[in-house]
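Heads up: the protein sequence lines correspond to chains D and W, in order. Start counting the first sequence at 1; every next residue gets the next number (my numbering). Start counting the second sequence at 1; every next residue gets the next number (my numbering). To keep things clear, I will list the structure first and then write my remarks on it.
2 protein chains.
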Amino acid sequence: MIDKQLMKLRVRDDISPEEEQALHDAQGQVIDYPADHTFITAGDELNCSTLLLEGILGRYKDLSDGERQITELHVAGDFADLHSFTLKHLDHNVMTLTPAKIVQVPHEKLKRITEQHPHLARVLWFSTNLDAAIHREWEVSLGRRNALQRTAHLFCELQVRLGIVGLATEAEYRLPLTQVQLAECLGLTSVHVNRVLKELRERRLVEFRSARVKIADLAGLRSIAEFDPAFLYLDRRPR
Amino acid sequence: MIDKQLMKLRVRDDISPEEEQALHDAQGQVIDYPADHTFITAGDELNCSTLLLEGILGRYKDLSDGERQITELHVAGDFADLHSFTLKHLDHNVMTLTPAKIVQVPHEKLKRITEQHPHLARVLWFSTNLDAAIHREWEVSLGRRNALQRTAHLFCELQVRLGIVGLATEAEYRLPLTQVQLAECLGLTSVHVNRVLKELRERRLVEFRSARVKIADLAGLRSIAEFDPAFLYLDRRPR
DNA sequence: CGTACACTTGAGCCGCCTCAACTGAGGTGG
DNA sequence: CCACCTCAGTTGAGGCGGCTCAAGTGTACG
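Shown next as structure tokens:
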């Protein structure tokens, strides 16, 4: 059930059979959520973390004028709030953007892992640092890339991240998000996202339609986005 | 020498005398760097982390057109690249924005801490998650706040972070950054930062001049920025 | 067959950028 | 001691990328 999480971890690190077992044993309740459901609210006291099995989640913050910024997307295999293990409560909300299946991992079991499996603990620590690296890349997009580059960059990022867990090829992947949700990731309005998607289509780079991303020219897409997958740390760490 | 780091950690957590000793013992070489010096470049293989004792550091990425985005500022007491312990190399550069004194902490010693001091390991893990929370707040600023709010928000953030280590009062703090460097944090041009600073001054909220931030109206400043210090996790974590 | 919701497109506006000129404070060498 | 350079900061004029407002189209679902 946590095979996608293991695929993700094993891209970057060795996971021994004992460590795999420890992860298996850490699993708690499995839950299915509908789309558009906020299941963690900023400030809630948390005693378990959420491992995503299927679907797409978003971490987000709302402002008083109703604007929303999604700060990271999560795909199958991601821990959506592993950081709540050390933070105890979150500074942001977490919602489903599509219907989603998750499994809860009690913090008590994570604590035991830190005490009994130091290497696995470091691997989990790495996972939260990878989330931070994704945040940094989004900061660069939001601060310095224009709407076209920013959108292209997000499609490139998701192609790699979904590819790791077998949910994307170089040519396409399923992405059941609305243009409003994309806009909330990109710091744009949905109207402008719509125009950008049109331009990406007309330039024969990528087509986003009916919940699919069809990449016509991956090299070209990466080129205009200045996409460098280094921030996703795809190389293996020495044990 | 690491007293500011301990001040920072103890705002959020209990640090036992043994743990304090372990941190002391982890210290390696002390180095003084001049201002404007990039001492970690993306991709460099790293075997120690950098604890900042004095000065201000910035994590940043450059784009091909010469634009730069600073993704986080570091102040005395911060680990500037504790995450390099799990990442092994960084996806971004780290530079001094002012003259700075740092102490290196070998990864080998951090590894020993994860094996012998699980609680302290979690505290350090927390520190990197706090950096991620700061990244998220900057994403919100860059994505959804206008130039005035964004600038005000940064001044509020630094007031709290410098206050923790005794380098800021509610009324003022030293901040020897240029307007160009501020612009690189804020995703703006230095010309526009200059106009924003003028407006903040004219509105009697905050004055930034000759390396000092003088806060005329902290409540007002926080109000226009919608600043909520919750993202800095100032509450104590149960042991 | 009506309602809701995602998407699409046009027209006009505005926040921030670009380009450029100028001021002022150090620092340095003749 | 001053002429000169450099670099941070300041200000104005004009342009443009993305926003706002508004009116559509398409489609799924009751």
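Virtual Cβ for every residue (Gly too), placed ideally from N, Cα, C.
**Report entry** Simplified DSSP state of residue 95/D, which is helix, strand or coil
**Finding:** strand
Report task. Express the C-alpha separation of residue 227/W and residue 107/D in angstroms, rounding to a whole number. Result -> 30 Å
Query raised in the report: Since residue 106/W meets chain D, which of its residues come closer than 7 Å, beta carbon to beta carbon?
Result: Neighbours of residue 106/W on chain D: none; closest Cβ ~15 Å, over 7 Å.
Report task. Answer with buried or exposed for residue 45/D, where buried requires no fewer than 16 other C-beta atoms within 10 angstroms of its C-beta. Result -> exposed
Query raised in the report: What residue does the alpha helix (DSSP H) around residue 62/D start on, and which one ends it?
Result: No alpha helix (DSSP H) contains residue 62/D, which is instead part of the beta strand (DSSP E) from 57-62.
Requested in this report: Could you pull out every residue in the same chain whose Cβ sits closer than 7 Å to the Cβ of residue 47/W, ignoring the five residues on either side in sequence?
Outcome: 106, 107
Query raised in the report: Which residues, in order along the region 115-143 of chain W, keep a beta-carbon less than 7 Å from a beta-carbon of chain D?
Result: 115, 118, 121, 122, 125, 126, 128, 129, 131, 132, 133, 135, 136, 138, 139, 140, 142, 143
Report task. Count the other CB atoms, across all protein chains shown, that sit within 10 Å of the CB of residue 168/W; report buried if there are 16 or more and exposed otherwise. Result -> buried
**Report entry** residue 151/D - containing alpha helix (DSSP H), residue span
**Finding:** 147-164
Query raised in the report: Are there 16 or more other CB atoms within 10 angstroms of the CB of residue 1/D, so buried, or fewer, so exposed?
Result: exposed
Requested in this report: Give the residues of chain D in contact with residue 61/W, contact being defined as C-beta atoms less than 9 Å apart.
Outcome: 136, 137, 139, 140, 144, 231
Requested in this report: Give a yes or no on contact between the region 153-165 of chain W and the region 108-118 of chain W, applying the rule of three or more CB pairs nearer than 8 Å.
Outcome: no
Query raised in the report: Given that residue 237/D touches chain W, what residues does it touch there, using C-beta distances under 9 Å?
Result: 86, 87, 88
Query raised in the report: What is the rounded straight-line gap between the Cα of residue 129/W and the Cα of residue 123/W?
Result: 10 Å
**Report entry** Endpoints, beta strand (DSSP E) assigned at residue 39/D
**Finding:** 38-40
Query raised in the report: Along the chain, which unbroken stretches of the alpha helix (DSSP H) at least 4 residues long are found entirely within the region 185-213 of chain D?
Result: 190-202
Requested in this report: Output the boundary residues of the beta strand (DSSP E) element that contains residue 32/D.
Outcome: 30-33
Query raised in the report: Residues in the region 174-193 of chain D with C-beta within 9 Å of chain W's C-beta atoms, listed in sequence order?
Result: 184, 185, 186, 187, 188
Report task. Take the Cβ of residue 199/W as the centre, count every other Cβ of all protein chains shown within 10 Å, and call the residue buried at 16 or more, exposed below. Result -> exposed
Query raised in the report: Taking 8 Å as the CB-CB limit, is residue 67/D close to chain W?
Result: yes
Query - chain W contact residues for residue 91/D, given Cβ-Cβ distances below 8 Å - result: 133, 136, 137, 230, 231, 233
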